[in-house]
Amino acid sequence: MKLKQLEGLLGDLEQFSNPKNRSVIGFDIDPESLETATLNAEELEVEIDFVQCDITKLELKGLIVDTVVMNPPFGTRKKGADMEFLSAAMKVASKAVYSLHKTSTRELRYDLPKLYKFHKRKEVDIAVDLWRFEPRQN
25 MKLKQLEGLL
35 GDLEQFSNPK
45 NRSVIGFDID
55 PESLETATLN
65 AEELEVEIDF
75 VQCDITKLEL
85 KGLIVDTVVM
95 NPPFGTRKKG
105 ADMEFLSAAM
115 KVASKAVYSL
125 HKTSTRELRY
135 DLPKLYKFHK
145 RKEVDIAVDL
155 WRFEPRQN
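Take any residue in the sequence shown, note its place counting from 1, add 24, and you have its number in the working numbering.
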């Protein structure tokens, strides 16, 4: 998702319309996705550090970021995969987690391009919800 599209979805939220972040970090397991993300960041002239890893396997401890924006696996190939990602995000975010989840009842749609070998079509239009979660403050 391009930055302008994300701003369109989240533009009414102060932390996105007037970011005060010191750094942005992108995580993905797929090197091709990271390559695309790097090119998009360069094109949009935004500074983002990218890390190739399986985020669900990292032993992240404590609140290390303000906000997480993610597009986890929808859990159709592996039941509960989206919840693994959500759980990892909630452990590290101090303010909010924004997460896309598959739905058949909402109006927001997302064009998912063919990114992985198991994808059968060049791209597919999927109905999704964008959820905002707030971690508990201890």
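We put the CB at the ideal spot given by N, CA and C, even for glycine.
Query, Result
"Residues sharing a beta bridge with Val75, DSSP", "Phe51"
"Test item: CB-CB of Lys119 and Asp78 under 8 Å", "no"
"Three-way DSSP call (helix, strand, coil) for Glu158 in this model", "coil"
"7 Å CB neighbourhood of Phe51 in its chain, flanking five on each side removed", "Val75, Cys77, Ile79"
"For Leu110, the three-state DSSP class (helix, strand or coil)", "helix"
"Backbone secondary structure at Thr60 - three-state DSSP", "helix"
"Bridge-paired residues (DSSP) for Thr91", "Ala120"
"Proximity to Leu58 [Cα-Cα], best of Glu69, Asp73, Leu68", "Asp73"
"Nearest residue (CA-CA) to Leu124, options Glu147, Lys115, Val116, Leu110", "Leu110"
"Val116 vs Ile88 beta-carbon contact at 8 Å", "yes"
"CA-to-CA distance, Asn64 to Ala105, given in whole angstroms", "26 Å"
"From Glu147, Ile53, Trp155, Pro159, residue whose alpha carbon lies closest to that of Lys126", "Trp155"
"Span separating the alpha-carbon of Ala92 from that of Tyr122", "Here residue 92 turns out to be Val, not Ala, going by the sequence shown. Those two C-alpha atoms are separated by around 6 Å."
"Identified DSSP bridge partners for Lys102", "DSSP lists no partner for Lys102."
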